[in-house]
Every structure is written in structure tokens, then in C-alpha cells.
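Have a look at the structure below before the remarks.
Residue numbers (this note's numbering): 177 to 284.
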């Protein structure tokens, strides 16, 4: 577990990243800006993937820098998660199962 000091520093870095990406004022909350960074995938016709809670991965022009951007990496990583993990209602259960999933996939 992270110490409260480390958690505050991490939160500050995340907030700063969102403020820079969305060009919002640093004194505003970032929660309203987050939906602008990721887009839900809606297929044009009924597909099995429609129920998979997938996000759209934006196209990039160059492979060097844009593939490291939050707007590219976040949907890519989210789409790779197992469907059962993404359907949790509680954030605490989600975090616990995510941690278990990441540890198990790392040690396989």
C-alpha cells in the first residue's frame, strides 16, 4: 500500500496530466474533464463486443510519442482487462481484483 504522502503526490501528477491534456484551469475539478479523454465504443450494428464495455483507441500519426499518451494507453489497457473485472459495481472490489489480476499476469 502507498503511504498517504506518496498517494497525494500521485494524485497531484494525475491531476496535472488531466489539466494539461484538457487545457482546463488548474483550480477546477478534473472529474468533468475525464469523459473528454476517453470514448466508449458503440458498434454500428449489434455485435457480441457491444456488451464488452470497450473504449475507442484513437489513431496516432507517429509511433514514438503519441502511443504513450493517456488518451491512447488508457483505452488500450482497459480493453485488455477481462470482462468480469470491468463489471464490478464497487470501486474497492474493482481495485482488489485488478491488483490480483496484475500480480497473477506478471508472475505467469
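Even glycine gets a Cβ: it sits at the ideal position worked out from N, Cα and C.
Simplified DSSP assignment, three categories, for residue i
{"i": "residue 257", "result": "coil"}
{"i": "residue 250", "result": "helix"}
Beta-bridge pairing of residue i - partner residues as DSSP gives them
{"i": "residue 210", "result": "Bridge partners of residue 210: none, in fact."}
{"i": "residue 183", "result": "DSSP output for residue 183 lists no bridge partner at all."}
Distance, residue j Cα to residue i Cα
{"i": "residue 278", "j": "residue 266", "result": "18 Å"}
{"i": "residue 236", "j": "residue 246", "result": "12 Å"}
{"i": "residue 258", "j": "residue 273", "result": "10 Å"}
{"i": "residue 179", "j": "residue 261", "result": "26 Å"}
{"i": "residue 280", "j": "residue 256", "result": "15 Å"}
{"i": "residue 204", "j": "residue 271", "result": "26 Å"}
{"i": "residue 283", "j": "residue 263", "result": "24 Å"}
{"i": "residue 253", "j": "residue 186", "result": "19 Å"}
{"i": "residue 243", "j": "residue 275", "result": "24 Å"}
{"i": "residue 200", "j": "residue 184", "result": "20 Å"}
Within 9 Å, strictly: CB atoms of residue i and residue j
{"i": "residue 231", "j": "residue 250", "result": "yes"}
{"i": "residue 194", "j": "residue 209", "result": "yes"}
{"i": "residue 212", "j": "residue 198", "result": "yes"}
{"i": "residue 248", "j": "residue 269", "result": "no"}
Element boundaries [alpha helix (DSSP H), containing residue i]
{"i": "residue 277", "result": "267–282"}
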